[in-house]
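Under my numbering, think of the first position of the sequence shown as 618, with each following residue one higher.
Glycine included, C-beta positions come from ideal geometry on N, C-alpha and C.
Step one of this worksheet: look at the structure below.
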Amino acid sequence: MEKGNLSIHSENILPIIKKWLYSDSDIFIREMVSNASDAILKLKKLAEIGEASNIPKDEIYAIHVRSDKEAKTLTFEDNGVGMTADEIREYINQIAFSGASAFLEKYKDKMDKDNEIIGHFGLGFYSCFMVANKVQIDTLSWQPGAEPAQWNCDGGIEYEMSAGERTTRGTTITLYINEESEEFLEEYNLKKILTKYCSFLPVEIFLNAQPEEENEADVSGNTDDQNADKNEDADIIDVDEADVPTTEPKKAPTPINDTNPLWQKAPNECTDEEYKAFYRKVFMDFNEPLFWIHLNMDYPFRLKGILYFPKLKHELEYIEGEVKLYNNQVFVADNIKEVIPEYLLLLKGVMDCPDLPLNVSRSFLQNDGYVKKMSGYISKKVADKLNSLYKKDREQYQSYWEDISPFIKYGCIKEQDFYDKIKNATLYKTTADDYATLEEFLERNKDKTDKKIFYVSNQQLQSQYIKLFKDQDLEAVYLTTQLDNPFISYVENYEQEKEIQFNRIDSDLTDALKQEKEESEEDKKQQEDMENLFRKALGNDKLKVNIETLKSEGISAVVLLSEQSRRMQEMSKAYGGLSGFPGMFDNEESLVLNRTNRLVNTLLGLKDDPDRKEDVNMITCQIYDLAMMSHKPLSNDQMTRFIERSNNILERIAKEK
Ligand code: ADP
Ligand code: MG
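And the structure:
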């Protein structure tokens, strides 16, 4: 039997790293900067635990990124731990051997829970070969008496190592940018990429800072107390320079990042103003968010973040959410639906999950139980927050409702758990001009419409029906967003044992709208006559006409379409129409005439008068159009005829007097 270790041939593995591991070549910048940040955090840690006692407490750390268009180089410099030649052999020459993991392993007893080291797989460094033909490392370890080391590698296959010349602690990595990647030498592009990935890294990052500026943001490896002195000196220099009129006042270089993002702070230490300012800065949205949820947990996984509920300006279709995912303050990606429940991607927010190795592949996240737990936790937190807002200040909650309801409804449809948690804080706006929960609405209407919940989908169009309802002290709910149709189906289905049924306000006449009246033979005959009259006048021999005795006298007629037929019609429209069955859903509507209405009564009297044929025809068509108008918009042709006819009617009245 033979046993052994599998080995990797670097010539083959590098093209794989280059081509397959990373989809965007710009992430090499993220990898270089996060390695520099790790190097600095390691040193801080070592100083903190007394391992590196030669590092002063007030040491100033910085990362410098510089581009040189002439030399076609890009350099990343830090004043972190540096590397000895042996460490280069171990962590750089061995692909997929992570110095970050080794560090964590070595100091695991001394690390607190807030480990911020980013590295993990030992692959990030090699991403630089996506854009560089040649890479050079110049480094000097923090360790007392360490020798500098230099490492060179062409094309990522063979390396050379020699004694370096570096005199200050830290590492400079120089990338000799290849021809296809020269865009990365442009300061504008660099700034954009650094802003995208590194805006919240824990160490200050400077881009192309002038050397004299550098002196202030010290990158030297001085190990004595010089730094503190220097800062004091800086003030004096400023004063001196102010005396010389020809020189510009010296500006302190500004880092491209905020090293202490708000989500890292404890929620009780953040002010509303800070939350709003952070929102403006990160999302460039100058509308104030409605409210926010600050997530902050250590167990069973670490997760920090802020989710903002934005104020909506438009309908749901236009909502563009943005949830940025970070891994130890390094940006990973936007809108990763494996980690953040899909419906929450409509919100705006930042989320830092340090335990997820997010800088590798997304596909593995899909079936990860840990990731699912995290997603469930976020969902629960959001539901908790909404419930507590609802309980604490219902008035205010109601004032948010129109803006937050799309998120909630979408969340309910997507996640049953969420529906269960939020259903008692889900509101329906009613025609009584208030907001009610489903329970409240059913309770107060149980003697009227009972389990039927009538709804208005277009307040303008359906105003006649609303009036009808209000006249009889009946109540309906307003449903106005695109999501409402799937939402009510979901509620009906999920609340099956409640046997509730949503009906559009023009789908059916509830008994509460009608007067009690027994139908006589004469009534039946009248109904038949009227049906024939309307059919003839409208040229539609399939039209259904009923006569009812409504309590409201003011309404001549309404068009009804059963809820079921309407849903069928809408579904068929959504699927591009059932082209094989043209007209399949035509003539599903019925016209209901109101016997208590004066016009309808007059028409009943006139209909057989041979001298008034033309008038009868006109009135019939007009009644139909008026009823139809409150049901759905008239077609162009119908509208033209309606206007023409209306003018004719007015003309007749004018002539008569
Ligand atoms: P990872 O960061 O996942 O450990 P990388 O491939 O990005 O893997 O880097 C490999 C190792 O090289 C790091 O873990 C670290 O030990 C070393 N290294 C890379 N860049 C630096 C740097 N700027 N300063 C010190 N050590 C570095
Ligand atoms: Mg790394």
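- A residue is listed when its beta-carbon falls short of 5 angstroms from at least one non-hydrogen atom of the ligand MG; in chain order these are 652, 736, 741.
- Residues 654, 874, 946 of the same chain have their beta carbon placed closer than 6 angstroms to that of residue 818, with the five preceding and five following residues left out of the count.
- The C-beta of residue 747 has 16 or more other C-beta atoms within 10 Å across all chains shown, which makes the residue buried.
- Secondary structure at residue 889: helix, using DSSP grouped into helix, strand and coil.
- Taking the Cβ of residue 790 as the reference point, at least one heavy atom of the ligand ADP falls within a distance shorter than 7 angstroms.
- Taking the Cα positions, residue 735 is about 31 angstroms away from residue 1002.
- Per DSSP, the continuous alpha helix (DSSP H) segment holding residue 1260 begins and ends at 1253-1273.
- DSSP places residue 1102 in the uninterrupted alpha helix (DSSP H) bounded by 1101-1111.
- With respect to the 8 angstroms criterion, residue 1150 and residue 1097 are not classified as neighbours on the basis of their beta carbons.
- 8 angstroms or more divides the Cβ of residue 926 from the Cβ of residue 1029.
- Within the model, the alpha-carbon separation for residue 766 versus residue 812 is close to 31 angstroms.
- Taking the Cβ of residue 709 as the reference point, at least one heavy atom of the ligand ADP falls within a distance shorter than 7 angstroms.
- Taken from the Cβ of residue 728, every heavy atom of the ligand ADP lies 7 angstroms or farther away.
- Judged by DSSP in its simplified three-state form, residue 968 adopts strand.
- In the DSSP secondary-structure assignment, residue 770 is bridged to 752, 776.
- If you draw a 10 Å sphere on the C-beta of residue 618, you find fewer than 16 other C-beta atoms in it, and that means exposed.
- Comparing alpha-carbon positions, the option among 690, 724, 1123 lying closest to residue 664 turns out to be 724.
- If only complete runs of 4 or more residues are kept, the segment 1062-1106 shows the alpha helix (DSSP H) at 1080-1088, in order along the chain.
- Between residue 966 and residue 993, the gap from beta carbon to beta carbon reaches 8 angstroms or more.
- The closest heavy atom of the ligand ADP lies less than 7 angstroms from the beta carbon of residue 743.
- Shortest gap from the CB of residue 698 to any heavy atom of the ligand ADP: under 7 angstroms.
- For residue 1036, the uninterrupted alpha helix (DSSP H) segment begins and ends at 1033-1039.
- For residue 926, there is no enclosing alpha helix (DSSP H); the enclosing beta strand (DSSP E) has its first and last residue at 920-926.
- Of the residues assessed, residue 904 falls on the exposed side of the cut-off, its CB having fewer than 16 other CB atoms within 10 angstroms.
- DSSP, read as helix, strand or coil, puts residue 1158 in coil.
- Between the ligand ADP and the CB of residue 781, the shortest heavy atom gap is not smaller than 7 angstroms.
- In the structure shown, residue 914 falls within a strand segment according to DSSP collapsed to helix, strand and coil.
- Inter-residue distance for residue 718 and residue 659 is about 12 angstroms (C-alpha atoms, whole angstroms).
- Looking at the backbone, the Cα of residue 1259 and that of residue 1074 are separated by about 24 angstroms.
- Under DSSP, the beta-bridge partners assigned to residue 1045 are 1053.
- The C-beta of residue 901 has fewer than 16 other C-beta atoms within 10 Å across all chains shown, which makes the residue exposed.
- In the three-state reduction of the DSSP assignment, residue 1174 falls in the strand class.
- Non-local beta-carbon contacts of residue 1068 in its own chain, meaning distances under 8 angstroms to residues more than five positions away in sequence, involve 1059, 1115, 1116, 1117, 1118 in chain order.
- Distance from the Cα of residue 929 is smallest, within the candidate group 1019, 771, 1044, for 1019.
- Closest in alpha carbon position to residue 1182, among 1162, 1171, 1207, is 1207.
- At least 8 angstroms separates the beta-carbon of residue 749 from that of residue 695.
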